[in-house]
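>
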Amino acid sequence: MGKVGAGGGFQARLSALLAGAGLLVLCVPGVFGGGSCCPPPHPSSAPRSASTPRGFSHQGPPGRAPATPLPLVVRPLFSVAPGDRALSLERARGTGASVAVAARSGRRRRSGADQEKAERGEGASRSPRGVLRDGGQQEPGTRERDPDKATSFRMEELRLTSTTFALTGDSAHNQAMVHWSGHNSSVILILTKLYDYNLGSITESSLWRSTDYGTTYEKLNDKVGLKTILSYLYVCPTNKRKIMLLTDPEIESSLLISSDEGATYQKYRLNFYIQSLLFHPKQEDWILAYSQDQKLYSSAEFGRRWQLIQEGVVPNRFYWSVMGSNKEPDLVHLEARTVDGHSHYLTCRMQNCTEANRNQPFPGYIDPDSLIVQDHYVFVQLTSGGRPHYYVSYRRNAFAQMKLPKYALPKDMHVISTDENQVFAAVQEWNQNDTYNLYISDTRGVYFTLALENVQSSRGPEGNIMIDLYEVAGIKGMFLANKKIDNQVKTFITYNKGRDWRLLQAPDTDLRGDPVHCLLPYCSLHLHLKVSENPYTSGIIASKDTAPSIIVASGNIGSELSDTDISMFVSSDAGNTWRQIFEEEHSVLYLDQGGVLVAMKHTSLPIRHLWLSFDEGRSWSKYSFTSIPLFVDGVLGEPGEETLIMTVFGHFSHRSEWQLVKVDYKSIFDRRCAEEDYRPWQLHSQGEACIMGAKRIYKKRKSERKCMQGKYAGAMESEPCVCTEADFDCDYGYERHSNGQCLPAFWFNPSSLSKDCSLGQSYLNSTGYRKVVSNNCTDGVREQYTAKPQKCPGKAPRGLRIVTADGKLTAEQGHNVTLMVQLEEGDVQRTLIQVDFGDGIAVSYVNLSSTEDGIKHVYQNVGIFRVTVQVDNSLGSDSAVLYLHVTCPLEHVHLSLPFVTTKNKEVNATAVLWPSQVGTLTYVWWYGNNTEPLITLEGSISFRFTSEGMNTITVQVSAGNAILQDTKTIAVYEEFRSLRLSFSPNLDDYNPDIPEWRRDIGRVIKKSLVEATGVPGQHILVAVLPGLPTTAELFVLPYQDPAGENKRSADDLEQISELLIHKLNQNSVHFELKPGVRVFVHAAHLTAAPLVDLTPTHSGSAMLMLLSVVFVGLAVFVIYKFKRKIPGINVYAQMQNEKEQEMISPVSHSESRPNVPQTELRRPGQLIDEKVESQLIGE
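Residue numbers for the sequence shown follow this note's numbering, beginning at 5 and rising by one.
1. My assumption, with CB atoms under 8 Å, is that GLN864 sits in contact with GLY818. Please give the rounded CB distance.
2. Can you tell me where the beta strand (DSSP E) with LYS415 in it begins and where it stops?
3. Determine the closest residue to GLY772 out of ARG786, CYS746, GLN385, with distance taken between C-alpha atoms.
4. Which residue from LYS286, ASP200, VAL916 puts its Cα closest to that of PRO241?
5. Kindly give me the distance between the Cβ atoms of GLY638 and PHE653, rounded to whole angstroms, as I take these residues to be in contact under 8 Å.
6. Between the alpha carbons of GLY621 and THR581, how many angstroms are there, rounded?
7. Below 8 Å on the Cβ atoms is my guess for LEU1195 versus TRP505; work out the distance and round it to an integer in Å.
8. Below 8 Å between beta carbons: does that hold for VAL1 and LEU484?
9. Hey, which unbroken runs of the beta strand (DSSP E) at 3 residues or more fall wholly within the region 220-245?
10. Give the DSSP bridge partners of SER900, in chain order.
11. Which residue from PRO996, SER982, ASP733 puts its Cα closest to that of SER1061?
12. Pull up the distance between the alpha-carbon of VAL535 and that of ILE471, whole angstroms please.
13. Between ASN468 and the ligand GTP, is the CB less than 7 Å from at least one heavy atom?
14. Apply the 10 Å Cβ neighbour rule to LEU230 and answer buried if 16 or more other Cβ atoms are within range, or exposed otherwise.
15. Report back the beta-carbon spacing between LEU823 and VAL875 to the nearest angstrom; my notes put them in contact at under 8 Å.
16. In the region 412-487, which residue ranges form an unbroken beta strand (DSSP E) of at least 3 residues, counting only runs that do not cross its ends?
17. Return the residue from the list LEU249, ILE370, LEU274 that minimises the CA-CA distance to ARG321.
18. Cα separation between TYR526 and GLY562?
19. Could you compute how far the alpha carbon of THR351 sits from the alpha carbon of LEU335?
20. Please tell me whether VAL419 and THR439 are closer than 8 Å, where the distance is taken between their beta carbons.
21. Would you identify the three-state DSSP class for ASP970, choosing helix, strand or coil?
22. If you run the structure through DSSP and keep just helix, strand and coil, what is PRO999?
23. Decide if LYS331 is buried, meaning its Cβ has at least 16 other Cβ atoms within 10 Å, or exposed.
24. Around the Cβ of ILE585, are there at least 16 other Cβ atoms within 10 angstroms (buried) or fewer (exposed)?
25. Can you have a look at ARG683 and say buried or exposed, based on whether 16 or more other CB atoms are within 10 angstroms of its CB?
26. Indicate whether LEU1041 and PHE980 have their beta-carbon atoms separated by less than 8 Å.
27. Determine the DSSP secondary structure at LYS331, reduced to helix, strand or coil.
28. Just to confirm my understanding: we take THR1017, look at its own chain, exclude 5 residues before and 5 after, and list those with CB closer than 7 Å. What are they?
29. Taking 8 Å as the cut-off, decide whether the C-beta atoms of GLY216 and SER190 are in contact.
30. Which first and last residues belong to the beta strand (DSSP E) in which TYR294 is found?
31. I'd like the list of long-range same chain contacts for HIS530, defined as Cβ closer than 8 Å, with 5 residues on each side in sequence excluded.
32. Alpha carbons only, please: which of THR914, SER210, ILE233, LEU234 is nearest the one belonging to LYS223?
33. Can you give the beta carbon distance from SER295 to ILE278, rounded, assuming they're within the 8 Å contact cut?
34. Could you give the distance in angstroms between the alpha-carbon of ILE868 and the alpha-carbon of GLY842?
35. For the beta strand (DSSP E) containing ARG683, name the first residue and the last one.
36. Here's the rule: buried if 16 or more other CB atoms are within 10 angstroms of the residue's CB, otherwise exposed. What is ASN934?
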């Protein structure tokens, strides 16, 4: 399960963030930087990855702070609870141009002349086109057609109560993070920063504090340290008086903590760099901190002391316990990586997370970056056989595999919502690329049914998937979605959690009252559902819990959704009808619990006006909020439901400081509303009053009353409805047909029973329908459509399968393998199960229930084992077979072959493995100039070379997912000579018998031979052999200069061989191993006695030995003269039309090869040797 974002998100959370949370992050790039999004002001500059486009995404728990403070992107995954972090601003500065809003607003820059005019206030107050009321003058070119249906605009300029404060000295700062405490608090904190795009770091910062709702601010740099550079601002979500500031880790790693809403601070040093924080949803002092080196820390003292919980934690995959599902409030859920790169799901207590106290709720490994803990659900993903499989745990019970329709074959899944004990998921199926299907689950989150097909998706600013789905705030079960039909994107609405969808009816008239000719289904209203990170950007949609009937969104009328010709629309009856309110994009905010709408135009020009509507968008009045036009960077509303104070952030020009305009709307109200100021309004869907099984009546303020709503807003009466077929959706395995009936899908067998069903028990037999979760209807057809308990009939076993728990066909020698027995039908309580593991061990079980956790077994040997399982009951039997490959890891491959060979001689190459038994292997051989490899199942091959030269042989050994290889070089000549060498015994005392030592000694011996004989080094090859006593093979090779001349003949090789023998017998070949240790090299077939005694005195035995040597030398001379063959020198030449085995050594193995056990030859140290590890050349 990868990272996720649910597209337009859930507006209930967004409204709290933008309008009522008291948090703001503004970021406008410009000439300082160049990208379309803010640089991360957090200690970690690495952006959070959505890297695993696979799998699960989710809408994270309350209290999570994103890893990097990019502009506020309200992602249903890792949603930010109000108050736990500040929102950010960033503005652009530059000569002649200034971008007014946020990073991704896409507004065009203006010329310098236009800017000068704008700064003088000219051209900055162009009004929306529409019907003008109350003495206003109609704009030229507009016609009034139907005043009752047109949106009216009062052009008379009214003045709002406002004050302006400049953050003096911060004119260069291009980022700001703002926190408004709320809850009747007048405190506002602002952290401004200068982010250097070239350095990629923060170079300056200032901290400001207001105690009068933003009228004035005090600079607090002296209280946090004049040289301290602050990078991040956190606020405790459960106690907003507690503030935490992070310093820039490039300067110092510290925390500054305040418990009095930022009035005073205490500084605490850190020994790690914080990348993100997660506050506990209930305990205000409990915090989890994630470091840049992937360690997770906990604090029970609001950051004053920290304790390490776990290393190797996956970013953003750690969670606090959920009340109601976890008994321990300090329990931490996390995904951790092992040293070999695997991930597993762990839980432990925050202050006692030792190895002994950790639990692993999901057995085995999970896919990396896939753990989600949300509400009562835990989700993980496990890929096997190339397919992802998704598992869910409800209320921390055992994990169950999530069941989608059989042939959905998902390649990507995003958990969008887990509200109301139900999972809403977006699934990209095997045949989809840019769309997703929406599925909705039962209460346990196991069985999913289709809600809507082909919902549009896109990539978010951080690469995360955004689904075009929007949950309307304040109305349970109401969603908007953009569906792709024949390459056209259209907006649909549902009032019953996806059971029924319909297109949006376009307004009857346009902004001026002219009739709109738009006939369903060919033409309808389409809305942009992507919620922006900033309230002052395009594509916004907004709704509010306390104003459940009002939806404001940007969109267009036509056959499909368009990115051009965008207008603003409002619905005051929960999406049944719509009105056009602006022909250009505006940001709309809710004041007074939705009783007043505030609209600010999207423009790159400076503005000083905004529009207010007291009658749900039917008419608008123009108000000025500043006397000087302002480039607006962001807007922050007072936290809470009433929201009567708003702060506008911006700047007058590219040279000015941040300007904070406090706008107080209290003066526009005459009084507080009384009971008589309200009227009832009934929620409905195209006239149908029963929504989600109930009739709901809301209280709405009368449009002509200009009073402050107070506590009466949002009051509601509810009455249950009688159940009808519309209150039921199709059950799992059933599909709705054109006649409205839910019938079994072709792949579903309705008669299949639950595997837990046993004779004498009962099960719920589905009618093909299930009640929509959270539907409150009663009586009616409820009994008819509800699943009925039924006695379990006895059935013979059928559909038996045996698989491994991870879905693989391999297991590792000496490790547990878990086998799962699955049965489609049969009496699970009265079924005898017999399992034969194929290695001489078998077990029996009296019922299937005893195997639910899997059957564990350890194989002691490698090989392919035939695992059989048979189940029997009184009505029949069934059997299944699994062929399991048991392997052990292949650690090393060594290629053994001769150093030198002759033309047309058969050469044997063998791959020597460590360990020698690893299971089924595939060998891939590359040799000579062949462009295609030879693939075998055997570890040795034979081949011939038909021409002289150097040839490279490579073998690759494939063992499971691992591929190892070794490469050797072999020389091919028409003829060569070889001689076995021995050494004085003192060499054995220093022989560690490892390949590196043998290679080094071989080079020393060759150098000694060259110095003693004067033979060019190109004619000599020395290979020291493994084992004791130390021996070596000397090869005398022909040599031809690069020009192709002066090639040595056979006589030349014999002369070189005679010279070498002579020098070896004269003890002329020796080398110094270390100071005081001299080693002599001998011909192995001759006596080791020296020809000349080197001792100071001579004895009779020495003289006798000397005469013996002379005699032997004379015999050698005679043999050479008459036989032309030197004993001990092997002659190798090309033999035509004769099949000879390759000569391995001067004599047979048993006669001359050191007696080294086979196990010793395969020690890991020896197997990494190069040429000297191969077989000896000879016969």
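Glycine included, every Cβ here is placed at the ideal spot set by N, Cα and C. No experiment lies behind these values; they were computed from the predicted model shown.
Considering the structure as presented:
1. 7 Å
2. That residue, LYS415, is in no beta strand (DSSP E); it is neither H nor E in DSSP.
3. CYS746
4. LYS286
5. 5 Å
6. 13 Å
7. Only positions 5 to 1183 of the chain appear in the structure, and residue 1195 is not among them; the question remains open.
8. Residue 1 is absent from the structure shown; the chain starts at 5 and stops at 1183.
9. 234-239
10. THR914
11. SER982
12. 11 Å
13. Only the bare structure without any ligand can be found here, which leaves the ligand GTP out of the picture.
14. exposed
15. Wrong, their Cβ atoms sit about 14 Å apart, outside the cutoff.
16. 416-421, 428-432, 439-445, 452-463, 469-471, 473-475
17. ILE370
18. 8 Å
19. 7 Å
20. no
21. strand
22. helix
23. exposed
24. buried
25. exposed
26. yes
27. coil
28. LEU1063, LEU1064, LYS1067
29. Strictly speaking, residue 216 in this sequence is Asp, with Gly absent from that position. Yes, Cβ-Cβ distance for ASP216 and SER190 is below 8 Å.
30. 291-295
31. ASN486, VAL493, LYS494, THR495, LEU508, GLY559, ASN560, ILE561, GLY562, GLU564, LEU565, SER566
32. SER210
33. 6 Å
34. 9 Å
35. 682-686
36. exposed
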